[in-house]
Structure formats: C-alpha cells, structure tokens
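Heads up: the structure comes next, in structure tokens.
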Amino acid sequence: MEGARPDTFLRGSRIRLRPLELDDLPRYAELFSDPEVNLSYGGLGVPDSLLKLQRRYDSGEFDATDRKLHFVVEAGGEIIGQVSLKNDENLPSRAVTFGIMIGAGYLGQGYGTKASVLLLNYAFGILGYHKVNLDLFEYNVRAQTMYEKLGFVHEGRRRENHWSRGRFWDDILMGITAEEWWAKHGPPRQPETRGERG
Ligand SMILES: CC(C)(COP(=O)(O)OP(=O)(O)OC[C@H]1O[C@@H](n2cnc3c(N)ncnc32)[C@H](O)[C@@H]1OP(=O)(O)O)[C@@H](O)C(=O)NCCC(=O)NCCS
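If you're matching positions, the sequence shown starts at 1 in my numbering and goes up one per residue.
Right, dumping it as structure tokens:
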C-alpha cells in the first residue's frame with residue numbers, strides 16, 4: 001500500500017487528482033509532448049519546452065483559484081494526465097468549462113472516465129456549479145464518445161471553426177446540467193479526499 005500524500009485533492013479507484021508541483025514539470029512535459037495529443041487539444045502539435053512550461057508554472061497558470069482549478073491525474077504513482085475547470089462566465093451563472101487530457105500511453109483504459117467523474121462530482125456537489133460546458137473538434141471521436149457516455153448533451157456546432165489535417169472541422173459544443181449529472185450518476189455525495197490509494 002502506498003501512503004496518502006498530503007497534496008491529494010480527490011481520490012478514486014486507481015487514480016487521484018492533485019496539484020501540479022514544480023518537480024513534476026519534466027514528467028508533465030514528456031507526457032504531453034505527443035503531437036497527436038497536443039493537436040487534439042487545440043495546440044499546434046508543437047510540444048512545450050521545459051523552459052516554457054516552467055514560465056507557465058511561475059506565472060501562476062496552474063494555481064488553484066475560485067475561477068480555475070487545474071490538477072494532474074495520477075495512477076500507480078505516475079502522472080498520466082490532467083483535468084481542469086475554468087470559469088470565465090459571470091459568477092451568478094454558475095457555469096464552468098471542463099478540460100481533460102490523458103497521456104498517449106494511457107488512453108482507452110478508463111482513466112479519462114474516472115478522472116472526469118471525480119472532478120465533475122466535485123464541480124456539482126461541492127462547488128455548486130449548475131452547468132458544465134465543453135467543446136471538442138468533430139474528429140475527436142474518442143472524446144465525444146466518452147462525454148456522451150458521461151451524459152453530456154450535444155448543444156450545437158460552430159461550423160468549420162478549426163483547421164487541422166488539411167481541412168476545416170466543426171467544433172462540437174456539449175454541456176450537462178447539475179440535474180442531468182445527478183440523474184445519471186446518483187445523488188450528491190462527499191468526495192473521497194483521504195485514505196488509501198485505490
Ligand atoms: C478524451 C480522453 C480524455 C478519453 O480518455 P480515455 O481514458 O482514453 O477514455 P476511457 O478509457 O475512459 O474511455 C471512455 C469511452 O470512450 C470510448 N472510447 C475509448 N477509446 C475510443 C476510441 N479509440 N474511439 C472511440 N471511442 C473510444 C469508449 O466507449 C469508452 O467507454 P467504454 O470503455 O465503456 O467502452 C482522452 O482520449 C484524451 O485525453 N485525449 C486527448 C485530449 C483530448 O482529446 N481531450 C478532450 C478534448 S475536448
């Protein structure tokens with residue numbers, strides 16, 4: 001059994017979420033240096049250098065605030081991905097944008113679903129958000145399938161808004177309300193933040 005580290009934020013079966021630490025940066029850079037992953041998230045396919053990542057870290061980009069949360073996803077003691085919540089709306093709207101990225105070697109093993117459920121339970125149950133939104137590129141079938149399975153609803157398309165792989169693609173807009181989330185995932189419950197790693 002590996003002991004609980006004090007920096008754990010949320011814990012689930014096989015994974016935990018925790019803040020990004022300075023000494024995580026080399027691993028973080030390595031994990032997200034895959035051009036396909038970078039492209040699927042809206043990057044240019046050019047990985048961040050360690051120096052650039054360090055500058056982003058120093059500027060407070062990964063700090064938790066009441067407007068944004070950013071966590072690494074850890075499994076088996078390794079960082080395997082990241083998740084985020086970003087609130088750019090006016091506060092009374094209680095709407096937030098969700099983001100997730102799982103590293104290339106860890107796709108299709110259920111980690112994306114587990115990390116999403118952990119953070120969305122927290123977003124709705126503890127932070128009291130009413131709505132979680134996201135958008136994705138239409139060619140990102142894996143993400144679309146995962147979001148549909150989680151209960152996200154298709155809300156629209158921004159046509160030919162993204163250039164990639166030699167053509168324009170639509171952005172797909174998806175969202176889920178607190179009521180829809182609880183109807184599918186059960187009633188609000190206190191998240192597990194302490195105890196043994198799953
Ligand atoms: C989208 C993403 C988070 C999904 O994470 P993941 O860990 O691979 O997903 P899971 O293993 O939990 O799979 C969830 C569902 O997606 C579907 N899925 C998995 N791989 C798939 C594939 N290659 N094609 C289509 N659907 C797929 C499956 O239906 C799966 O559910 P099931 O196992 O019950 O059948 C991950 O692919 C990722 O980080 N991609 C790069 C960044 C990105 O696209 N982020 C989202 C931008 S909006």
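Every residue, glycine too, gets a C-beta built ideally from N, C-alpha and C.
A Cβ-Cβ separation of about 16 Å leaves L44 out of contact with A29 under the 8 Å criterion.
Residue pairing from DSSP places D171 in a beta bridge opposite F137, R158. Secondary structure of H185 (DSSP, three-state): helix.
Here T97 is near N133, since their CB atoms are less than 8 Å apart. If you draw a straight line from the Cα of R55 to the Cα of R165, it is about 30 Å long.
Spanning the alpha carbons of W163 and H130 requires a straight line of approximately 32 Å. By the neighbour-count criterion, in which 16 or more other beta carbons inside 10 Å mark a residue as buried, A64 falls on the exposed side.
Every residue whose beta carbon comes nearer than 6 Å to a heavy atom of ligand 1 appears here in chain order: V37, S40, Y41, I100, M101, I102, L107, G108, Q109, G110, Y111, G112, T113, L134, L136, N140, V141, R142, A143, T145, M146, K149. Boundaries of the alpha helix (DSSP H) harbouring R27: 25 to 31, taken from the DSSP string.
Looking at the backbone, the Cα of Y147 and that of G156 are separated by about 14 Å.
As summarised for the region 64 to 92, the continuous beta strand (DSSP E) elements at least 3 residues long and confined to that stretch are 68 to 75, 78 to 86, given in chain order. Look at R165 here: in three-state DSSP terms it is coil, with no helix or strand label.
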